[in-house]
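S.K.: Before we start, here is the structure in question, set down as structure tokens.
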Amino acid sequence: MQKKLIIIFVLSSIILAQLSKEKVTNQLNLTISFDGKEEGHIVLGLFGDVVPKTVENFRALCTGENGEVNGKKLHYKGSKFHRIIPQFMIQGGDFTNGDGTGGLSIYGHKFNDENFQLRHEPFCISMANAGPNTNGSQFFITTAQTSWLDSRHVVFGRVLEGQDLIKKIEAAGSSSGKPSKDVRIANCEEVSVN
């Protein structure tokens, strides 16, 4: 087990070194809970110089500063990771329906793909969509190399801290994507960039 963790750490460090060439413009702290019990924190770094509109949408949904639309608070707090597939990704951000069928952007509508400059490496953050130019609030964090998603989903950040917690979340997944635990974003906030 310890050998496996060391290998994961080394590989994660190599991948993060490759991604580190992008400047982190915003940093967010997500508190994660499993079945109502706090499990820990994930720190995300966002690349606002590369995809500013996507980053602003995600950042504002983390802080909840844009209020409500049609009685739904524009906030990730309390939302769940509704789709978790081991060796692929963890997906969340549907704060309207909680099952992958909903979500809203801060722009009041779906918004266009800004660009596909960044690639899908392990521990990157990317927008989930229903096809070209259909970005809302749903996002996913990759847990493996997923290059087939390049030029289809907009990468806008990476996990800076908490890769071990991402792996714990991944372990609650299944091949169908249905989680075995209720994994939620218990809280999220913007923090200063290190």
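Numbering (mature numbering (1 follows the signal peptide of the UniProt record, and there is no 0)), first residue to last: -17 to -1, 1 to 177.
All C-beta atoms, glycine included, are put in the ideal place defined by N, C-alpha and C.
Does I149 come out as helix, strand or coil in the three-state DSSP assignment?
M.R.: helix
S.K.: Measure the alpha-carbon distance for R66 versus I73 and round it to whole angstroms.
M.R.: 6 Å
S.K.: Rounded to the nearest angstrom, how far is the Cβ of residue 256 from that of F106, given a contact under 8 Å?
M.R.: What is shown of the chain runs -17 to 177, which leaves residue 256 out entirely.
S.K.: Determine the contact status of G47 and K56, defining contact as a CB-CB distance below 8 Å.
M.R.: Cβ atoms of G47 and K56: closer than 8 Å.
S.K.: Compare the Cα-Cα distances from N9 to each of N112, C45 and E22 and report the closest residue.
M.R.: The shortest C-alpha to C-alpha distance from N9 to any of N112, C45 and E22 is the one to C45.
S.K.: Could you have a look at L87 and say whether DSSP puts it in helix, strand or coil?
M.R.: coil
S.K.: Please state whether the Cβ-Cβ distance between V33 and Q121 is less than 8 Å.
M.R.: The answer is no: Cβ separation not under 8 Å.
S.K.: Which class does residue 178 belong to by DSSP, given the choice of helix, strand or coil?
M.R.: Residue 178 cannot be examined here, being either before or after the span of the chain that is shown, -17 to 177.
S.K.: Buried or exposed: which applies to P115, given that a residue is buried once 16 or more other Cβ atoms fall within 10 Å of its Cβ?
M.R.: exposed
S.K.: Excluding the 5 residues flanking E22 on each side, which residues of the same chain have their C-beta closer than 7 Å to its C-beta?
M.R.: I15, S16, L148 and K151
S.K.: Identify which residue in K93, G85 and F64 has its Cα closest to the Cα of K164.
M.R.: F64
S.K.: Pull the bridge partners of L13 from the DSSP assignment, please.
M.R.: The beta-bridge partner set that DSSP reports for L13 consists of I25 and C171.
S.K.: Do you know whose CA, among K4, R42 and S62, lies nearest D18's CA?
M.R.: S62
S.K.: Determine, using beta carbons only, whether L7 and V176 come nearer to each other than 8 Å.
M.R.: Checking the sequence shown, residue 7 turns out to be Val, not Leu. Yes, the Cβ-Cβ distance between V7 and V176 is below 8 Å.
S.K.: Given this structure, state the Cα-to-Cα distance separating G31 from A127, to the nearest angstrom.
M.R.: C-alpha separation (whole angstroms): 23 Å.
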